[in-house]
Each structure stands twice: as structure tokens, then as C-alpha cells.
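Written below as C-alpha cells is the structure these notes are about.
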Amino acid sequence: MESIGKDCRELKQKYEACFNAWYSEKFLKNEGGDISVCEPLFQEYQKCLKVALKKNNVPLWELNGGMLKDTENKSSGDPT
15 MESIGKDCRE LKQKYEACFN AWYSEKFLKN EGGDISVCEP LFQEYQKCLK VALKKNNVPL
75 WELNGGMLKD TENKSSGDPT
């Protein structure tokens, strides 16, 4: 999946590569491993996304509200 911000594509790819390496080499082999090795990449990607969302006039509160609403509906048994 593409990143919402064109400027964030490379950061997204680096973070995903780190996460996928941890997941396949540590997690799936039940070796645990420390996911925090990917944290700096995630933080950089997250910063970039916030800038892209602001640039595209997507309020973060709308995203959070939408996600919470969907979660609340599913947990309450509401079919919508």
C-alpha cells in the first residue's frame, strides 16, 4: 500500500523492511526479539505522516474519531 505522503514513501519502506525482518526472523521463530529496534524508523515515518496529513487538510481528530466510532460500533454489537 502506498503512503499517504509521497515524501514518506522511503521512510515507510524502511520501517516496513525493519518490521518484516523482525517479524519473520524473530517473532515467527518464537525468539522474541526487541521490536524497539524499529522504533526510530517508526517515529520518523510517523512525523512525516503527520506533516502529510496536515498538508492534505486531514484533521487527526477526524481519523481518531472515525476509528473509535468503528471500534465502538463493533464492540457494542451495532451492525453499522
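Numbering of the sequence shown is given in the working numbering, commencing with residue 15 and proceeding in unit increments.
In this text, a Cβ means the ideal position worked out from N, Cα and C, and glycines have one as well.
(message) So, under 8 Å CB-CB, leucine 55 and cysteine 32 are touching, yes? Tell me the CB distance rounded to an integer number of Å.
(response) Start at 1 with the first residue of the sequence shown, and residue 55 comes out as number 41. Start at 1 with the first residue of the sequence shown, and residue 32 comes out as number 18. That pair is a contact at about 5 Å.
(request) Give the DSSP-derived three-state secondary structure of leucine 82 in the structure shown. (result) The residue you call residue 82 lines up with position 68 of the sequence shown. Summary for leucine 82: the model assigns pLDDT 44, below 50, so the residue's position carries little reliability; its value from the coordinates is reported in the next sentence. Residue state, collapsed to three classes: helix.
(message) Please classify lysine 26 as buried or exposed, where buried requires at least 16 neighbouring CB atoms within 10 angstroms.
(response) Your numbering for residue 26 matches position 12 in the sequence shown. In summary, lysine 26 is buried, with 16 or more beta-carbon neighbours lying within 10 Å of its beta-carbon over all protein chains present.
(request) Compute the Euclidean distance between the alpha carbons of glutamate 30 and tyrosine 59, then round it to the nearest angstrom. (result) The residue you call residue 30 lines up with position 16 of the sequence shown. The residue you call residue 59 lines up with position 45 of the sequence shown. Cα to Cα, the separation comes out at about 10 Å.
(message) Considering Cα atoms alone, identify which of Leu63, Asn34, Leu42 and Lys64 is closest to valine 51.
(response) Translated into positions along the sequence shown, residue 51 becomes position 37. It is Asn34.
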